[in-house]
Amino acid sequence: MHTIEIPVRYAETDMMGIVYHSNYLVYLEIARTELIKSLGLDYKEMEETGYVSPVTNVNLDYKRSLTYGDVAHVSVWIDHYDGLRTIYGYEVKNAEGQLAVSAKTTHVVVKKENFRPIRLPKVFPNWHAIYEQVRAEDAVLVSN
């Protein structure tokens, strides 16, 4: 699990001072790219070789509002990985540790030129090895 802090900026809120719902997707993306960076991987390098990782599904469950001036504590982890599909799990909490949003995003890696999905072990064996290692470590943590 990787956690980052994001200050809620005025521009991210609506007329009531509440974070506009679509801005949570930006928070999730920032956290996800930071998780990937913390694992020693880089989306930009993937894109430079002709591949991208689009979101194929998003599920957000809103529990409470964050408002201007709050700090969003965004945690992200690899919830599921099978070599083709990666599902990231997220929790967005306020400074008091209260859950504001829980979410999952599903991703596949595709060739830019035709958007055909690829299997990570074949094209990006380093990503695969790291994701498998993280998955194994998480399984040990869960069983303890």
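To convert a position in the sequence shown, counted from 1, into the numbering used here, add 468.
By construction, the Cβ of each residue, glycine as well, lies at the ideal position given by its N, Cα and C atoms.
Just to confirm the assignment, what range does the alpha helix (DSSP H) spanning glutamate 502 have?
Secondary structure note for glutamate 502: its alpha helix (DSSP H) is the uninterrupted segment 491-506.
In terms of residue numbering, what span does the beta strand (DSSP E) encompassing leucine 528 cover?
Element bounds for leucine 528: 523-530.
Below 6 Å CB to CB, which residues in the same chain sit around proline 589 once its five sequence neighbours on both sides are set aside?
Result list for proline 589: Gly551 and His596, in chain order.
On the three-state DSSP scale, how would you describe arginine 603?
Helix, per DSSP.
Once you ignore the five residues that flank glycine 508 on each side, which residues in its own chain have a CB closer than 8 Å to its CB?
Around glycine 508, the same chain offers Ile598 as residues with beta carbons nearer than 8 Å, after the five sequence neighbours per side are excluded.
Taking valine 576 as the reference, give the member of Ser521, Asp547, Gly565 and Arg584 with the closest Cα.
Of the residues Ser521, Asp547, Gly565 and Arg584, the one whose Cα lies closest to the Cα of valine 576 is Ser521.
State the start and end residues of the unbroken alpha helix (DSSP H) segment that holds tyrosine 511.
Taken as a continuous stretch (DSSP letters only), the alpha helix (DSSP H) holding tyrosine 511 covers 511-516.
On the DSSP bridge assignment, give the partners of histidine 548 in chain order.
Its beta-bridge partners are Ile555.
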